[in-house]
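For reference, the structure is listed below as structure tokens.
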Amino acid sequence: MNERLGDTRQAVRTSVLAGGLLAVLGVLTWVSGESALFPSLGPSAYVLALRPDAPESRADRLVGGHAIGVAAGLVAYRTLAAGHAVVGTHAPLSASALALAAAGVCSLALTVVLMVWTDLRHAPACATTLIVSLGLLSTVRAGVVIVVAVVVLLVAQRALAVVERRWLAPVVARLRRGTIRMRS
297 MNERLGDTRQ
307 AVRTSVLAGG
317 LLAVLGVLTW
327 VSGESALFPS
337 LGPSAYVLAL
347 RPDAPESRAD
357 RLVGGHAIGV
367 AAGLVAYRTL
377 AAGHAVVGTH
387 APLSASALAL
397 AAAGVCSLAL
407 TVVLMVWTDL
417 RHAPACATTL
427 IVSLGLLSTV
437 RAGVVIVVAV
447 VVLLVAQRAL
457 AVVERRWLAP
467 VVARLRRGTI
477 RMRS
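Counting in my numbering, the sequence shown runs from 297 upward without gaps.
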């Protein structure tokens, strides 16, 4: 196999699993009307799909990291940028642009120090803290939805892992050995 191309099976498996995880959150967003699908869950889904046994995929790190990101983002937003949002352009040297920049920087610094101190390290949570501190999902309700969405992502990944291990992997193995005959 060409090393540059990588493992096709792993690429397809990871893509299907990560997409499936986000599809669950997409359905939750559609059904509930809440923003349960947001940018930082993409990297989390990727890590869970590609390396489910990696330290950054541990449940405490995944949920704890995002919860820290939400809390730090809310503190920074409410302290420094309440009422502002980074959804358009801001006048150069404006107070709103300064407030948002300060909130983003402070939320990231606070998130990193808390994740390292608590050993709840999950890099995608750094994006979550920016989403919150920059006024995009900056209410307590939105913060709760974020954490619930992360828990749903984790539960969906664990459920898909069981399905894959118990049913899909044995079928694929039998297909490879040629012990399953396809009906004609």
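Idealized CB from N, CA, C, for every residue including glycine.
- Look at T385 here: in three-state DSSP terms it is coil, with no helix or strand label.
- Assignment of P335 by DSSP, reduced to helix, strand and coil, places it in the coil class.
- Going by C-alpha positions, G400 is about 14 Å away from V409.
- Secondary structure of L321 (DSSP, three-state): helix.
- The C-beta separation of L333 from V448 comes to about 10 Å, leaving the pair out of contact by the 8 Å criterion.
- Counting along the chain, the unbroken alpha helix (DSSP H) around S429 starts and ends at A421 to S429.
- The three-state secondary structure of G474, taken from DSSP, is coil.
- Contact annotation: G360 and M411 have beta-carbon atoms nearer than 9 Å.
- In the DSSP annotation of this structure, the continuous segment of the alpha helix (DSSP H) that includes A395 starts and ends at A391 to T414.
- L346 has its alpha-carbon roughly 43 Å from the corresponding atom of L389.
- Between Q453 and P348, the C-beta spacing is below 9 Å.
- Restricting attention to V443, E330, L433 and G329, the CA atom closest to the CA of D356 is found in V443.
- With a cutoff of 9 Å on beta-carbon distance, S403 and S429 are scored as near each other.
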